[in-house]
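If you read the sequence shown in this note's numbering, its first letter stands for residue 1333, the second for the next number, and so on. From the three backbone atoms N, C-alpha and C, an ideal C-beta is built for every residue, glycine too.
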Amino acid sequence: MRNARRRRRAFGATLFVLALATSACVENVTQTKVDEGRAPQDYLTPVGRFAVDVDRLWDLVFWGAIAIFVLVEALIVVAILRFRERPDEDDERLPKQVHGNPRLEALWTIIPAVILAAVAVPTVRTLFDLAEQPQDALRVNVIAHQWWWEYRYPDHEGLVTANILHIPAGRTVNLSLESVDVIHSLWVPKLAGKQDVVPGRTNFLKIHADEPGEYLGQCAEYCGLSHANMRTRVIAMPPDEFDAWAEANARPQEGEPEGELAQRGRDIFFTGACVGCHTIRGTDASATVGPDLTYFGDREWFAGTIFENTDENLREWLRDPPAMKPMMPDTGSGMPFLGLTEEEIDALVAYLQSLKTQPR
Ligand code: CUA
């Protein structure tokens, strides 16, 4: 009877530990669905110096805390074993009383104070390093929206993009962060720590990518319905490639879209709802509610970088945006259902994909 209960308890405990251990293996559907086998965002291998600074500080505090934990637990175990009550001992005997022992009290006040001071030195140094605003950094104004990121480059007149942040590798980028609606948080784990984006104030975050590459990011503050879909990608390019990219993308659109279908798409764009929310520089479309679409055709991803920019995905998106990405267009957040016909959708896809920096 007793054995059976004990066995059941042991079985339950084993299950609990297993569940705990494997819960970290559950796939995050939103993150893996679009990445199809690509490396996840991970902060264990930072690639830029600001992320490395934070990582080093974390390691220092973590291993320090582990050492103190092991020491304290070991002392507790020693105390339990050495000073336990023995059967042959007199039950009435009290342990030696240490209340009011100045030497002991000084000791257990001074030791934690020294530990805190030791942690404070590298912490304060890192905080000051991260808060410094370098003069030669590339400036990017980041504007958070429900649920996408807008990037404006004051150093390159006219240059505005959405969701994909291009930066030069090997150069510090100073992001100034603002929100038009609620509190968001920009987090590109490999490049920097998190920074809240708060309506009504400007926060700053420096990022630095040592090597060219693509780094995933995510809004890290719950900001409503599509918070999980508010993602970003940072593309770090060799400096000369970045300069060429910036120059090409700062220019307004010129000329006519090629082909009858794309031209028809343009007409739908400018007579329909699209023009009410989006900008295409060089045309009459200049609204800033939704992403700037000037060079949409060059973008690899859209809608908070959750969808790859293929004709098929774009078609599905235009058919019913809130079905692809949960949104609240009624309250001004996100793209509404537009009731477009298949023919209109084909034309709009042709027009949007024609918006490229290369000659069309
Ligand atoms: Cu924006 Cu969460």
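(message) Under 8 angstroms: do the segment 1520-1533 and the segment 1603-1623 share three or more Cβ pairs, one atom per stretch?
(response) no
(message) Can you tell me whether glutamate 1553 sits near the ligand CUA, meaning its C-beta is under 7 angstroms from at least one heavy atom of the ligand?
(response) yes
(request) Indicate whether at least one CB of chain C lies closer than 8 angstroms to the CB of leucine 1680. (result) The displayed structure is made up of one protein chain only, and chain C is not part of it.
(request) Go ahead and label tyrosine 1554 buried or exposed: buried means 16 or more other beta carbons lie within 10 angstroms of its beta carbon, across all protein chains shown. (result) exposed
(message) I'd like to know if the segment 1641-1651 and the segment 1670-1681 are in contact, where contact means that at least 3 CB-CB pairs between them fall below 8 angstroms.
(response) yes
(message) So, under 8 angstroms CB-CB, tryptophan 1479 and glycine 1608 are touching, yes? Tell me the CB distance rounded to an integer number of Å.
(response) Between tryptophan 1479 and glycine 1608 the beta-carbon gap is near 19 angstroms, outside 8 angstroms, which marks them as no contact.
(message) Could you compute how far the alpha carbon of phenylalanine 1602 sits from the alpha carbon of glycine 1629?
(response) 17 angstroms
(message) On the CB-based measure, 16 or more other CB atoms within 10 Å of its CB, does tryptophan 1440 come out buried or exposed?
(response) exposed
(request) Determine, using beta-carbon pairs with one atom in the segment 1448-1467 and one in the segment 1590-1602, whether at least three such pairs fall under 8 angstroms. (result) no
(message) With a threshold of 7 angstroms (Cβ to nearest heavy atom), would tryptophan 1479 be considered close to the ligand CUA?
(response) yes
(request) Please state if the CB of isoleucine 1567 and the CB of histidine 1498 are separated by a distance shorter than 8 angstroms. (result) yes
(message) Between which two residues does the beta strand (DSSP E) holding threonine 1493 run?
(response) 1492-1494
(request) Specify the secondary structure class of arginine 1533 as computed by DSSP and reduced to three states. (result) coil
(message) I'd like to know whether the C-beta atoms of proline 1486 and arginine 1503 end up nearer to each other than 8 angstroms.
(response) no
(request) State the Cα-Cα distance for the pair glycine 1432 and threonine 1455, rounded to the nearest angstrom. (result) 35 angstroms
(message) Measuring straight from C-alpha to C-alpha, what distance separates glutamate 1573 and glutamate 1579?
(response) Going from the Cα of glutamate 1573 to the Cα of glutamate 1579 covers about 10 angstroms.
(message) Tell me which residues share the same chain as threonine 1377 and place their Cβ nearer than 8 angstroms to its Cβ, disregarding the 5 neighbours each side in the sequence.
(response) Lys1522
(message) With distance defined between alpha-carbon atoms, name the residue in Val1505, Leu1625, Thr1642 nearest to phenylalanine 1536.
(response) The candidate whose alpha carbon is nearest that of phenylalanine 1536 is Val1505.
(message) Suppose you measure from the CA of proline 1623 to the CA of isoleucine 1398; what does that come to, to the nearest Å?
(response) 47 angstroms
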